[in-house]
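Engineer: When we follow my numbering, the leftmost residue of the sequence shown carries the number 1301, and every step to the right adds one.
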Amino acid sequence: YIDKPLGSTLGETIAIFRLAEKYGTKTFPSSSTRFAKQNQDLRNGVYGDVKGADIFSPHHPEPTHPDFGYYGIHGVEGLFTVMGTGCQEVSRIHSSEGDICVGVWEDGRLGTFRAITTGPNIYGGTAITSKKKAVPAGNYDGYKPLVKAILNFYETGNLPVSPEETIEIFTFMKASNMSLKQGGKPVKMSAALKAGEKDADKILKALEKAEQAASK
């Protein structure tokens, strides 16, 4: 288990997963928001199909991490926990008070993440579902549910979060940054992923050179 975030960038995240696969090592990161009971109930269909979700969390930028990677990831992971994977496009609105990122999923569903820069440190949101219409989502239940998931992973070897979903979460954050630089224009997740994969190639190539130099 690697505490959030897995890497400070999408490129680092992809590189870590490639190395984990190379050496036969299972690993996963996760925000504690993922394992909050309500978020797990939504993911598991207790309220029916999730038709869309609006999630918010604190956003405290850290210079060593691109934007949401350090703290906003809690809300982004909450969004993907209830919505699942399949985001195709991201656009972002920014102000001094915070940010709103809108993701369009492949089936037309919309998921939003509100990053709270100033104001209270709160977690939450709403999911639109087929059974209960609107229900609370994105909440935080403390660290105990996450610790249970980590222990279960150690005991069984079963990953509670797939590498593919984690990579999509980091791709969403990178796409949001690309959208911000373009004045809020929608950015395809495929374009953000391609850029991240190029970064991962550079990281692994530099690592290989360093290992070769060290072995001489």
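Think of the CB as a built atom: it goes at the ideal place given N, C-alpha and C, for glycine as much as any other residue.
Starting from the Cα of D1399, find the closest Cα among V1382, M1383, T1418 and N1439 and give me that residue.
Structural biologist: T1418
Engineer: By Cβ distance, which residues of its chain are closer than 6 Å to G1307, with the 5 residues on each side in sequence left out?
Structural biologist: Contacts found: T1313 and I1316.
Engineer: Where do the ends of the alpha helix (DSSP H) carrying G1496 lie?
Structural biologist: M1489 to S1515
Engineer: Grab me the residues of K1351's own chain with a C-beta within less than 7 Å of its C-beta, minus the 5 sequence neighbours each way, in chain order.
Structural biologist: R1409, I1428, T1429 and S1430
Engineer: Rank T1364, G1372 and D1349 by C-alpha distance to the C-alpha of K1355 and give the top, closest one.
Structural biologist: Rather than Lys, the amino acid found at residue 1355 in this sequence is Ile. For I1355, the nearest C-alpha among the options comes from G1372.
Engineer: Kindly provide the ranges of any alpha helix (DSSP H) runs that are 4 or more residues long and lie completely inside the segment 1370-1402, ordered along the chain.
Structural biologist: 1373-1383
Engineer: With distance defined between alpha-carbon atoms, name the residue in T1466, I1393 and L1451 nearest to H1374.
Structural biologist: T1466
Engineer: So, D1441 versus K1304, is the Cβ gap smaller than 9 Å?
Structural biologist: No, Cβ-Cβ distance for D1441 and K1304 is not below 9 Å.
Engineer: Give the straight-line distance between the Cα atoms of V1246 and Q1340, rounded to the nearest whole angstrom.
Structural biologist: Because the chain in this structure spans residues 1301 to 1516, residue 1246 falls outside the shown range and cannot be described.
Engineer: Within 10 Å of its beta-carbon, does L1342 have 16 or more other beta-carbons around it, so buried, or fewer, so exposed?
Structural biologist: buried
Engineer: Of all the alpha helix (DSSP H) runs that stay within the bounds of the segment 1417-1463, which reach a length of 4 or more residues?
Structural biologist: 1444-1456
Engineer: Pull up the CB-CB distance for A1475 and A1449, whole angstroms please, since I reckon it's below 8 Å.
Structural biologist: Their Cβ separation, rounded to whole angstroms, is 27 Å, which puts A1475 and A1449 out of contact at 8 Å.
Engineer: For the alpha helix (DSSP H) holding F1335, just list the boundary residues, first then last.
Structural biologist: That residue, F1335, is in no alpha helix (DSSP H); it is neither H nor E in DSSP.
Engineer: So the alpha helix (DSSP H) F1317 belongs to, where does it begin and stop?
Structural biologist: L1310 to K1322
Engineer: Using alpha carbons as the reference points, say which of K1326, K1494, F1453 and A1506 lies closest to Y1470.
Structural biologist: One point to set straight first is that residue 1470 is Phe, not Tyr, in the sequence displayed. Of the listed residues, the one whose Cα sits closest to F1470 is K1494.
Engineer: Compare the Cα-Cα distances from A1320 to each of Q1512, K1516, S1396 and L1504 and report the closest residue.
Structural biologist: L1504
Engineer: Could you tell me the distance, in whole angstroms, from the CA atom of E1455 to the CA atom of P1329?
Structural biologist: Cα to Cα, the separation comes out at about 17 Å.
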